[in-house]
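A quick write-up on the structure given underneath.
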Amino acid sequence: METKMPMVLDVISENIIKHGSPLALKGSEVASWAKELNLPVKGDLLFYTGGEYQMLPFIDSLVKTITHLDQGSKVFSMMMGARNILNKTGISPEKMYASVLAKDKDRYNSVCFKAAKVLKELGYEFCYSGSEELYSGALLYELGYLKDMKDYAKRVVEVIKKSGAKTIVCLSPHAAEVFKFVYPKLIEGFDFEICTYIDLVWERRDKLAKISSPESVVIHDSCRLARELNIHQELRDILESVGAEVKEAQMNREWTSCCGGPIKILFPELSHVIGGRRVNELKDSGSSHILTSCPYCLSALEGGRAKGDSAVIEDLIEFLYRGVKA
Amino acid sequence: MTDFRKDFVKYAKSLNEASEDKNIRTAISRAVSSYRNTVSETLERFPHTPALAEEVQEIKTRSMATLDTLLEQAMASVERNKGKAFYAKDHQAALEIALGIIGKGKTVVKGKSMLGEELHLREYLEENGNEVWETDLGEFILQLRKERPMHILSPSIHVPREQVAEVFTKFFKKEVPPDIAEEVKVVREFLREKYFTSDVGISGANVVAADTGAMVIIENEGNVRLATGAPPVHIVMVGVEKLVPTFQDAMKVAEVTWRYAQYGVPGYVNIVSGPSKTGDIEKVTTYGAHGPKEFYVIFVDNGRKEMAREEKFTQALHCLRCGGCMYECPVFQVTAGHFGHTYMGGIGTVWTAFVSGGMEKAAPLVYSCLRCGRCVERCPMSINVPAMIGELRERIVYGTYED
Ligand code: SF4
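Rendered as structure tokens:
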């Protein structure tokens, strides 16, 4: 039997399959952060962004479109392009997301840059696939497009193999999760060592420069990191190394509360309510400086924060970069 | 071709409305902190519980693997105890068997049961000319408000005392103040009369021991005790997944259930295995001494056996209905039973797909799960709901499910 899924799922899954990015961003745009770094394309350690941080500002405008239009309506389907048009051309992010603010784009693009800089400081040498890098397909897996994921994963692996790397370091815990647990089931001989960005920083945390931050910080443990990948103490260790005072939310580590991000594209309002509640839970710790380690958490908590709330929400990468500049 | 687009839009609206409902918000936050406190307190007081829960997981795994044998055994045990046992393949069969026993023009008192909700039992019996009373206070309130439960253990969790007073004042045709003790009292008086004048009592069961045919029913209010003890007929309607091999197993399951279901120590644990009897006069066994003279058990399948056969879903049948996962679910915390269709939350979504509603009803629910995994952390049976949700999504996307 054939099923007709909400349009936004069609758009996202087809974009991944056809364009290697959930929002059909161009490879050159996704890789623009790395211009000045001249990273090699081959090496033992592959720096993998999956285009996820770069995509965040666009997700928000996609979500705004969804929130303001009835997903079942004609207008919505026109906005999103009919399925057959989609097959030929994909969605043009330039047209669809014209409202994206340059400052948001810069901020999220620079997360990758900052991450790379921090690793360099710690003495890591790594390569990057640049504009050829493909999104991991985590959303295909999440949203149930597993058969499509099987074919798609082959293409991702081809690109990864070109680098000659043995180890892949993932900025996003979602990418780390699928590479670690899903890819080995889909692709024979997928034997890369998968680690998260946090793993690498943690190993050399003694080398991190101290960060002078007058206020304390509170960690929002990402679900994937804390529960699937079992990484939570590492975050505290890293922050201790840079001399930050860490406050704890009541629900933390493996009991962390989800940011609401995973349902953002289908149930945007509810996702915001959940994100907003999590922001408050985190602030109840006594700190209003929230650090997370996942692109979707970052975006969902930002989206959930109440208007006028002065809480600072940052990725740990952004926080650690303060030490690099100093 | 199944078009889910409209269903998603409609469902999203209902979730949004629920998330703006202040009653739900306040009630659930209160309930969540009380749940967390009671459970951590009682786990500290009874530290053997997590290990016992692991043992129960094994009991459940074994039981679901031998479900057919257990069912046969349990039915034989009930008959040996002079009760009558039935097997209902589906929803309709279950209702018809119950109606066959009850007939028309009867008064029925009913204990709380999710299976009853699944079958729309009360409505069916009423349509067929019977008077039916919910005796659990929460369900009684919902019966009067013509609403469906918002939580499996505290069905009327979203109704504050003021609204209870309002509906009671109207129903009892006298001023009932928004005072909880007063509200409890009027219902107590009203139902007391019903227990002793009704023809039939219906209950569910938390666990059933196949070797003895013992039905174990956990409760706090004492309504089940009365509803199953006072009327001349007692009917148990229970899902086949509640079967375990032995009486000892059943006790273990019961203890783990009440511990995680926030009872701490429950007020009452009822164990019923057959009709009431006496041999006090000349050692002649006579039925219906003080309790019911007739005892019936209807074992309901309605999709459960199919679930048991599916490797990826059989674990969902281990659910004790303790409700813990719902309290830890970020979506449930703001929408209560709106994230559900009879059965609620992530585990309820899986149950919806197989048992109550089918995949079409389940599809939007399946996509509102965050797959954040905190429910697994909470669940005494460690049921991997996010993995099941992933599997359901795949079946929905590719249309590989049966209607
Ligand atoms: S899934 Fe687990 S936590 Fe949820 S109600 Fe069932 S037994 Fe309790």
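Note that the protein sequences, when read in sequence, are chains A and B. Using the working numbering, the first residue of the first sequence is number 1, and each one after it goes up by one. Using the working numbering, the first residue of the second sequence is number 1001, and each one after it goes up by one. Every residue, glycine too, gets a C-beta built ideally from N, C-alpha and C.
For residue i, three-class secondary structure by DSSP
i: M7(A); result: helix
i: S1203(B); result: strand
i: K1174(B); result: coil
i: G995(B); result: The displayed coordinates of chain B run from 1001 to 1403. Any statement about residue 995(B) would go beyond what the structure contains.
i: C1379(B); result: coil
i: M251(A); result: coil
i: Y1011(B); result: helix
i: I1217(B); result: strand
i: N1270(B); result: strand
i: M1344(B); result: strand
i: V159(A); result: helix
i: A1293(B); result: First, the amino acid is wrong: residue 1293(B) is Lys here, not Ala. Residue state, collapsed to three classes: coil.
i: T1286(B); result: strand
i: C1322(B); result: coil
i: A1209(B); result: strand
i: G81(A); result: With a pLDDT of only 43 at G81(A), under 50, the local geometry of the prediction cannot be trusted, and the value read off the model is given with reservation. Correct three-state label for G81(A): coil.
i: E329(A); result: The structure shown does not extend to residue 329(A), since chain A is modelled only from 1 through 326, so no value can be given for it.
i: C1372(B); result: coil
i: L1095(B); result: helix
i: A24(A); result: coil
i: Y321(A); result: helix
i: Y1087(B); result: strand
i: K147(A); result: helix
i: E193(A); result: strand
i: H232(A); result: coil
i: N15(A); result: helix
Residue i, enclosing beta strand (DSSP E) - first and last residue
i: L1153(B); result: First-last for L1153(B): undefined, no H or E at that position.
i: A311(A); result: From DSSP, A311(A) is part of no beta strand (DSSP E); its letter is neither H nor E.
i: M1237(B); result: V1233 to G1239
i: E1134(B); result: E1131 to E1134
i: A226(A); result: From DSSP, A226(A) is part of no beta strand (DSSP E); its letter is neither H nor E.
i: H174(A); result: Segment P173 to E177 is the alpha helix (DSSP H) holding H174(A); no beta strand (DSSP E) there.
i: V1385(B); result: V1385(B) -> not in any beta strand (DSSP E); alpha helix (DSSP H) instead, spanning V1385 to V1397.
i: L291(A); result: H289 to T292
Delimiting residues of the alpha helix (DSSP H) encompassing residue i
i: Y197(A); result: Y197 to E203
i: T167(A); result: Element bounds for T167(A): not the alpha helix (DSSP H) but the beta strand (DSSP E), T167 to C170.
i: H1120(B); result: Run containing H1120(B): none; DSSP gives neither H nor E here.
i: K103(A); result: A102 to E121
i: A1074(B); result: L1067 to R1080
i: F47(A); result: Careful: F47(A) lies outside any alpha helix (DSSP H), inside the beta strand (DSSP E) at L45 to Y48.
i: T1335(B); result: P1330 to T1335
i: V279(A); result: P268 to K283
Interface residues of chain A facing residue i [CB-CB closer than 7 Å]
i: E1394(B); result: G144 and L146
i: P1330(B); result: S257, C258, G260 and I274
i: F1354(B); result: Near F1354(B) there are no residues of chain A at all, since even the closest Cβ is about 17 Å away, more than 7 Å.
Burial state of residue i (16 or more Cβ within 10 Å)
i: I194(A); result: buried
i: F1140(B); result: buried
i: H289(A); result: buried
i: L9(A); result: buried
i: Q1262(B); result: buried
i: N38(A); result: exposed
Contact test: residue i Cβ vs the ligand SF4 heavy atom, cutoff 7 Å
i: G1324(B); result: yes
i: Y1260(B); result: yes
i: I1102(B); result: no
i: M1381(B); result: yes
i: R1321(B); result: yes
i: I1347(B); result: yes
i: R1030(B); result: no
i: R1378(B); result: yes
i: C1375(B); result: yes
Proximal residues of chain A, C-beta to C-beta of residue i below 9 Å
i: V1397(B); result: T3, M5, L9, S13, L143, G144, Y145, L146, K147 and D148
i: S1368(B); result: I263, L266, F267 and L270
i: M1001(B); result: M1, E2, T3 and K4
i: V1334(B); result: L270, V273, I274 and R277
i: N1016(B); result: F267, E269, L270 and V273
Under 8 Å by beta carbon: chain A residues contacting residue i
i: G1103(B); result: Those do not exist, as G1103(B) stays about 42 Å from chain A at its closest Cβ, beyond 8 Å.
i: F1313(B); result: Residues of chain A passing the Cβ test: none, with the nearest at roughly 15 Å.
i: E1377(B); result: R227, E254 and W255
i: S1019(B); result: E269, L270 and V273
Residue i beta carbon near the ligand SAM (any heavy atom closer than 7 Å)
i: I1157(B); result: Absence of the ligand SAM is noted for the structure shown, with the ligand SF4 being the only ligands found.
Chain B contact residues for residue i, given Cβ-Cβ distances below 7 Å
i: C297(A); result: Per Cβ cutoff of 7 Å: no residues; C297(A) is ~11 Å from chain B at best.
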